[in-house]
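**Student:**
In the working numbering, the protein residues as written are 194 to 398.
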């Protein structure tokens, strides 16, 4: 009996690994389909800006989930790590955004369509160059009032994200590494559209 148990254990472990791999592959397929659908919704929006972007909150924060899209080619040109709000995290260490809010003081990220606004130098320590965001959806209409902006912070530097295992948490802002912030602002400043999504049910543009 003991010998049989020992022989079955590797098979059970392999089965569990296969099931886990299947779930991960399925989740990856779902995320890719979500981004493609969000891209199509964005590209259907009238805009004179050459770029747009999709923020895919279904992905783990240690994965690039902010995708800049060239409108002319409908192709993703660059993807970046980005933080979500502390109010969006059921578990501050698991790397996933689960809760979204449009309420001041929630420190949560908001879903929906944004338009980039003006840039400025923030007085907040470590933020530097920042870019205002205007919420265009009912789910993010308070973004400007809540001071939800694009900025940088040290906790989004790749080495820090790798050591922590997930991105740091913001107060609801879209926070990047310093290098990525410069690229994102350069590509998207001046009225580009950004669509923040979590799932198909709450996709709105």
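Note that the Cβ used here is the ideal one computed from N, Cα and C, for glycine as well.
Bear in mind the structure is a predicted one, so any value in this text is a computation, not a measurement.
Rank 358, 338 and 380 by C-alpha distance to the C-alpha of residue 254 and give the top, closest one.
**Tutor:** Residue 254 has its Cα closest to that of 358, out of 358, 338 and 380.
**Student:** Do residue 320 and residue 345 have their C-beta atoms within less than 8 angstroms of each other?
**Tutor:** Cβ atoms of residue 320 and residue 345: closer than 8 angstroms.
**Student:** Short check: CB of residue 327 to CB of residue 307, under 8 angstroms?
**Tutor:** Against a cut-off of 8 angstroms, the Cβ pair of residue 307 and residue 327 comes out as a contact.
**Student:** If we cut at 8 angstroms on Cβ distances, does residue 230 have a partner in chain B?
**Tutor:** Checking the listed chains, one finds no chain B in this structure; it contains a single protein chain.
**Student:** Taking the alpha carbon of residue 281 as the reference point, which residue from 364, 315 and 383 has its own alpha carbon closest?
**Tutor:** The candidate whose alpha carbon is nearest that of residue 281 is 364.
**Student:** With distances taken from CA atoms, which of 231, 261, 276 and 347 is nearest residue 318?
**Tutor:** Nearest of 231, 261, 276 and 347 to residue 318, Cα basis: 347.
**Student:** Sort 274, 244 and 292 by Cα distance to residue 353 and report the nearest one.
**Tutor:** Of the listed residues, the one whose Cα sits closest to residue 353 is 274.
**Student:** Since residue 263 is in the beta strand (DSSP E), which residue starts that stretch and which ends it?
**Tutor:** Here the beta strand (DSSP E) through residue 263 covers 259-263.
**Student:** When you compare only the Cα positions, how much space is there between residue 337 and residue 356?
**Tutor:** Whole-angstrom Cα-Cα distance: 32 angstroms.
**Student:** Spatial neighbours of residue 376 within its chain, please: CB distance less than 6 angstroms, with the 5 preceding and 5 following residues excluded, ordered by chain position.
**Tutor:** Within the same chain, residue 376 has no close Cβ partners at all.
**Student:** Between the segment 368-382 and the segment 287-301, do at least 3 Cβ pairs fall closer than 8 angstroms?
**Tutor:** At 8 angstroms Cβ cutoff, the stretches do not touch.
**Student:** Does DSSP put residue 389 in a helix, in a strand, or in coil?
**Tutor:** Of the three classes helix, strand and coil, the one that applies to residue 389 here is strand, per DSSP.
**Student:** When DSSP labels each residue in this structure, what does residue 252 get in the three-state scheme?
**Tutor:** Coil at residue 252, not helix or strand.
**Student:** Measure from the alpha carbon of residue 241 to the alpha carbon of each residue in 231, 263, 350 and 390, then state which is nearest.
**Tutor:** Answer by Cα proximity: 263.
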